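*Asks:* In my numbering, the protein residues as written are 587 to 900.
Just so you know, even glycine gets a beta-carbon here, dropped at the ideal spot from N, CA and C.
All values reported here derive from a predicted model rather than from experimental measurement.
#1: Decide yes or no for the touch test of the stretch 715-729 against the stretch 631-644: beta carbon pairs closer than 8 Å, at least 3 of them.
#2: Does DSSP classify residue 777 as helix, strand or coil?
#3: From the DSSP secondary-structure annotation, give me the bridge partner or partners of residue 846.
#4: Considering residue 839, what are the terminal residues of the alpha helix (DSSP H) in which it resides?
#5: State buried or exposed for residue 864, treating a residue as buried only when at least 16 other CB atoms are found within 10 Å of its CB.
#6: Among all the DSSP beta bridges, which residues are the ones paired with residue 879?
#7: What are the residues that DSSP puts in a beta bridge with residue 802?
#8: If you drop the 5 nearest sequence neighbours on each side, which residues of the same chain put their C-beta closer than 7 Å to that of residue 693?
#9: Going by beta-carbon coordinates alone, are residue 626 and residue 650 separated by less than 8 Å?
#10: Start and end of the alpha helix (DSSP H) containing residue 668?
#11: Can you pull the DSSP bridge partners for residue 821?
#12: On a Cα-Cα basis, can you pick out the residue from 707, 700, 784, 774 that is closest to residue 745?
#13: Can you list, in chain order, the residues of its chain whose CB lies under 8 Å from that of residue 763, leaving out five sequence neighbours each side?
#14: When the distance is taken between beta carbons, is residue 879 closer than 8 Å to residue 848?
#15: Assign residue 679 to one of three DSSP states: helix, strand, or coil.
#16: For residue 604, tell me which candidate among 710, 823, 645 has the shortest Cα-Cα distance.
#17: Do you know how far the Cα of residue 805 is from the Cα of residue 757?
#18: Within 10 Å of its beta-carbon, does residue 862 have 16 or more other beta-carbons around it, so buried, or fewer, so exposed?
#19: With contact counted as at least three CB pairs below 8 Å, one residue from each stretch, are the stretch 673-693 and the stretch 606-613 in contact?
#20: How big is the Cα-Cα spacing for residue 807 and residue 765?
#21: How should residue 702 be labelled, buried or exposed, when 16 other C-beta atoms within 10 angstroms of its C-beta is the threshold for buried?
#22: For the alpha helix (DSSP H) that residue 704 lies in, which residues bound it at each end?
#23: Residue range of the alpha helix (DSSP H) that residue 710 falls in?
#24: For the alpha helix (DSSP H) holding residue 786, just list the boundary residues, first then last.
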């Protein structure tokens, strides 16, 4: 799974209490732009939360583990899709388990699943999900993670209930991925969703008639299979004389054994058509073929049309 899908679903963390630690300080320590666990540790070392020793330690461990998980994010890895070192992920995973054992907390459990998901420990995150289904039922943040995992695994029937619940709650307004996943699952299960993309056109009966060739052949290909690469030359009359002819003669000089030639002519005049037919007759080794397309040569977007049609013709 691409890191983007992990980063985009993990944006909010939860704390039962943080004692005397200033809220602004806490927010800055878990900010995703922060990617310095050492500085985080230095800041936490001098802070006194006033909580019980167990809760104080669990709070600071949770903050540290979140800060460590930021190292896996796309924006801190220049988009490089390589997994984090196994030992590093194991350290975060084990730290989360120790923290949950010290201070069992629903909010810390939600954080732990999100952190595991973020660093790519999908199996570990889903193991906690299966053990805590009641928590998942009350947490939209976990529901979207579960839905994403099931969608990626093509378990659409299992993903859809979570997605419909998220859509009904309005959670999709904050994350467009939820609506996209819902659409994908519905389509894969045989429905034709109408948002965010309307699939109604797919309900129309397919046209069984074979589409006609959209261009007019000037020199048709033979029945023989063209076993060599074909050089496509798309041009109007001006480019035909200025560039296309020179290219054909260059091919004759250097590559006549390696390539064939096809002309795609934009609204050609009679002299160009005759010239192409003469070339085809004169140089059979190039197996020259040609088709014409009528377009408005006075259009201000002519150059753009030439470029786009060139790809279509090829």
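*Replies:* Answer, in terms of the structure:
#1: No, they do not touch.
#2: Note: residue 777 maps to coil in three-state DSSP.
#3: Its beta-bridge partners are 816.
#4: Residues 831-840.
#5: Exposed.
#6: 852, per the DSSP bridge assignment.
#7: The partner list for residue 802 (beta bridge, DSSP) reads 878.
#8: 600, 601, 602.
#9: The answer is yes: Cβ separation under 8 Å.
#10: Here residue 668 belongs to no alpha helix (DSSP H), and DSSP marks it neither H nor E.
#11: Per the DSSP secondary-structure output, residue 821 pairs in a beta bridge with 851.
#12: Of 707, 700, 784, 774, the residue nearest in Cα terms is 774.
#13: 591, 594, 595, 730, 734.
#14: At the C-beta level, residue 848 and residue 879 stay beyond 8 Å of one another.
#15: Three-state result, residue 679: helix.
#16: Selected option, being the one with the closest Cα: 645.
#17: Distance between the alpha carbons of residue 757 and residue 805: 59 Å.
#18: Buried.
#19: Per the Cβ contact rule, the stretch 673-693 is not in contact with the stretch 606-613 (fewer than 3 Cβ pairs under 8 Å).
#20: Taking the straight line from one Cα to the other gives about 48 Å.
#21: With 16 or more Cβ atoms within 10 Å of its Cβ, residue 702 is classed as buried.
#22: Residues 692-704.
#23: In this chain, the alpha helix (DSSP H) harbouring residue 710 covers 708-717.
#24: Premise fails: residue 786 is in no alpha helix (DSSP H) and is neither H nor E.
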